[in-house]
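>
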Amino acid sequence: MSNTVLQLPEESLLQIINHYNNKKVAAKAPYIRFTAKLSDAVVTVYNSGKVMFQGAGAEREAARWSSASPAAVKTVSTKGDVLPPDFAYKSVLGSDETGTGDFFGPITVAACFVPADKVALAHELGVKDSKQLTDDYMRIIAPDLKAAFLHSVLTLKNDKYNAVQSKGWSQGKIKALLHNQALKHVLRKMAPEKPEAILIDQFAERGIYYNHIKNEAEIIRENVLFSTKAEGLHVSVACASIIARVAFLEEMDALSQKAGVTLPKGAGKIVDEAAAKILLKHGEAFLQSITKVHFANTKKAKDLAFKKRSH
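Taking this note's numbering, the leading residue of the sequence shown gets 155, the next gets one more, and so forth.
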């Protein structure tokens with residue numbers, strides 16, 4: 155499945171509207187100029203001049219018009235379940251996580267429900283794929299998202315993470331358990347209403363995901379879909395991603411204050427150097443309390459600290 159976005163001149167937009175006019179459906183948001191629904195694709199013309207082609211036939215339909223805008227073609231290929239062509243406008247509960255690749259700080263998972271009649275509101279509040287947004291911007295809009303939409307956010311702090319990881323739990327298992335729990339929390343809040351679908355930003359195949367959580371008392375299965383790059387497929391996942399990211403940033407703020415230094419994100423060389431300094435200043439037990447101990451950064455930090463002690 156893929157989404158293709160073209161930025162086109164007015165002349166081309168009019169040609170598209172005329173070409174698909176017999177497949178026209180009602181536009182579902184004020185910023186949408188025209189929508190057509192084909193058997194395997196949805197064509198949406200936005201007031202901004204962009205045209206989005208969604209669904210299995212997206213690339214085929216976009217190819218008809220891409221010559222008018224060769225430099226502005228953006229195709230997002232996804233793996234996972236095939237979603238309905240009009241999925242972006244449905245009432246969906248989405249979930250996503252962050253922090254899994256960071257040596258310092260927790261893993262956070264969030265689930266967020268965006269009903270069909272509030273999809274436009276999410277866009278108005280500034281929601282996009284979180285990879286297109288800065289941390290500072292996400293901090294600004296997250297409170298509005300939390301006020302507007304039912305959500306749940308879980309923070310697995312480092313001590314608990316290290317404890318379960320040392321028992322042999324993989325990150326995949328940890329994430330699956332947290333996603334299931336966050337989804338469960340939101341479904342309870344919105345009961346008896348149910349979402350039209352649940353979309354999980356895919357980090358494991360369906361069978362592996364459910365194997366991870368097979369011993370849970372309550373397993374969320376009804377209408378669950380999996381897709382990679384899900385933030386671009388429904389705004390609920392983008393909202394969840396932003397809420398999860400801000401929860402991660404807030405915990406990083408707290409840990410930075412505790413350590414007396416701003417903790418760097420990621421797992422690169424700058425992280426090794428910061429960890430070595432913390433190790434020398436506060437000791438190994440403290441370093442373990444704010445990191446994911448099994449990462450290779452632990453050994454690298456110890457090696458750097460040893461060299462500094464030796465000089």
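Backbone N, C-alpha and C fix where the C-beta goes; we use that ideal spot for every residue, glycine too.
(1) Count Cβ pairs between the segment 347-355 and the segment 404-423 that sit closer than 8 Å; are there 3 or more?
(2) Please identify the residue among A421, F188, L434 whose C-alpha is closest to the C-alpha of H448.
(3) Of the choices F402, Y200, I171, whose alpha-carbon is the least far from that of K311?
(4) Hey, is the segment 384-401 in contact with the segment 247-260, meaning 3+ C-beta pairs nearer than 8 Å?
(5) Between V263 and L304, how many whole angstroms is the CB-CB distance? I'm expecting something under 8 Å.
(6) Would you mind sorting Y185 into buried or exposed? The rule is 16 or more other CB atoms within 10 Å of its CB.
(7) Among the residues of its own chain, which have a CB less than 7 Å from the CB of E372, if the five just before and after it don't count?
(8) Just the C-alpha distance for Q319 and F257, rounded to the nearest angstrom, thanks.
(9) Among the candidates S166, L160, V236, D240, whose CA atom is the shortest distance from the CA of A181?
(10) Bridge partners for K178 per DSSP, in chain order?
(11) Quick one: is S306 buried, meaning 16 or more other Cβ sit within 10 Å of its Cβ, or exposed?
(12) Looking at the unbroken beta strand (DSSP E) that takes in E251, where does it start and where does it end?
(13) What is the residue span of the alpha helix (DSSP H) that A217 lies within?
(14) Using CA atoms only, rank isn't needed, just tell me which of V205, Y174, G255 is closest to E164.
(15) Taking all protein chains shown into account, decide if D289 is buried (16 or more other Cβ within 10 angstroms of its Cβ) or exposed.
Checking against the coordinates, here is how it stands:
(1) As far as the Cβ criterion goes, the segment 347-355 does not touch the segment 404-423, which means the pair count is below three.
(2) Nearest option by C-alpha distance: A421.
(3) Ranking F402, Y200, I171 by Cα distance to K311 puts F402 first.
(4) They touch, by the three-pair rule.
(5) Not really, about 15 Å apart at Cβ, beyond 8 Å.
(6) Classification of Y185: exposed, given that the 10 Å Cβ count is below 16.
(7) Sequence-distant partners of E372 (beyond 5 residues in either direction) whose C-beta falls short of 7 Å from its own C-beta, in its chain, are K338.
(8) If I take the Cα positions, the gap works out to 14 Å.
(9) Looking at the Cα atoms, D240 is the closest of the given residues.
(10) As DSSP reads the structure, K178 sits in a beta bridge with A190.
(11) Counting of Cβ neighbours within 10 angstroms places S306 among the buried residues, the total reaching 16 or more.
(12) Residues 246-252.
(13) For A217, the enclosing alpha helix (DSSP H) starts and ends at 212-217.
(14) The residue with the shortest Cα to Cα distance from E164 is V205.
(15) With fewer than 16 Cβ atoms within 10 Å of its Cβ, D289 is classed as exposed.
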